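Just below is one structure, and these are the notes that go with it.
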């Protein structure tokens, strides 16, 4: 691992952590259920992207598979909760 | 091949900035529909850019040989995000409208209301 990738990780990981933090604050505060689902969707996407970056950082290829499965499960969960809010479930 | 690595690092920084701005929009916007618009679009672009950056960074090995396994799985995840994230955004927006949430500003025109009323009239 070269030094440029370490510098980029020092830039990228705090930004991603702040993104998860803001989404979690909206998840706690949100006045309606739809706000919480939007925050959950954004959190799931951010964690999917950062798991791939952590796989490159730790040099573990299996993290990419974990990110793919996490994205699929987050998508299914969001669709189910949205159908429940709509009243069709 | 060094140039491909630096292009990948640039994509990573760009994606992280877009992810941060999307989450900031989630926190700052006043309404469900504004939060959807701010959060989902920019987080889609940010996640696709960050994952493409990692795939480009890992494209060449330490000895200069091509390694396709990272790039192929990165493209699979990018295609999945490009299909799934607008779908879930649409589902949340439709659910918020059907559950009776009004937009933040006073609405002057509501095209979806007319369309949905006409559809329900035809069905019934």
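Protein chains in written order, with our numbering: chain F, 1 to 89; chain B, 1001 to 1124.
We treat Cβ as the ideally placed atom computed from N, Cα and C, and that holds for glycine.
This one's a predicted model, so the numbers in the text were calculated from it and none came from an experiment.
Against chain F, does residue 1046/B count as a neighbour if the rule is that its beta carbon must be under 8 Å from one of theirs? yes
Could you work out which residue in 89/F, 6/F, 73/F, 15/F is closest to residue 40/F when comparing CA atoms only? 73/F
Taking residue 27/F as part of the alpha helix (DSSP H), name the residues at either end of that continuous run. 3–29
Under 8 Å: do the region 1030–1049 of chain B and the region 30–48 of chain F share three or more Cβ pairs, one atom per stretch? yes
When you compare the CB of residue 26/F with every CB in chain B, is at least one pair closer than 8 Å? yes
Are the beta-carbon atoms of residue 53/F and residue 66/F separated by less than 8 Å? no
Chain F residues whose Cβ lies nearer than 8 Å to that of residue 1058/B: 56
Beta-carbon separation of residue 1022/B and residue 1046/B under 8 Å? yes
So, does the CB of residue 1027/B fall closer than 8 Å to a CB anywhere in chain F? yes
For residue 990/B, return the contacting residues in chain F, with the cut-off set at a CB-CB distance below 9 Å. Because chain B in this structure spans residues 1001 to 1124, residue 990/B falls outside the shown range and cannot be described.
Name the residue from 75/F, 4/F, 81/F, 80/F whose alpha carbon lies nearest to the alpha carbon of residue 1080/B. 75/F
Could you compute how far the alpha carbon of residue 17/F sits from the alpha carbon of residue 1118/B? 46 Å
Since residue 60/F is in the alpha helix (DSSP H), which residue starts that stretch and which ends it? Element bounds for residue 60/F: n/a, residue is neither H nor E.
Outcome for residue 43/F when other beta-carbon atoms lying within 10 angstroms are tallied against a minimum of 16: buried
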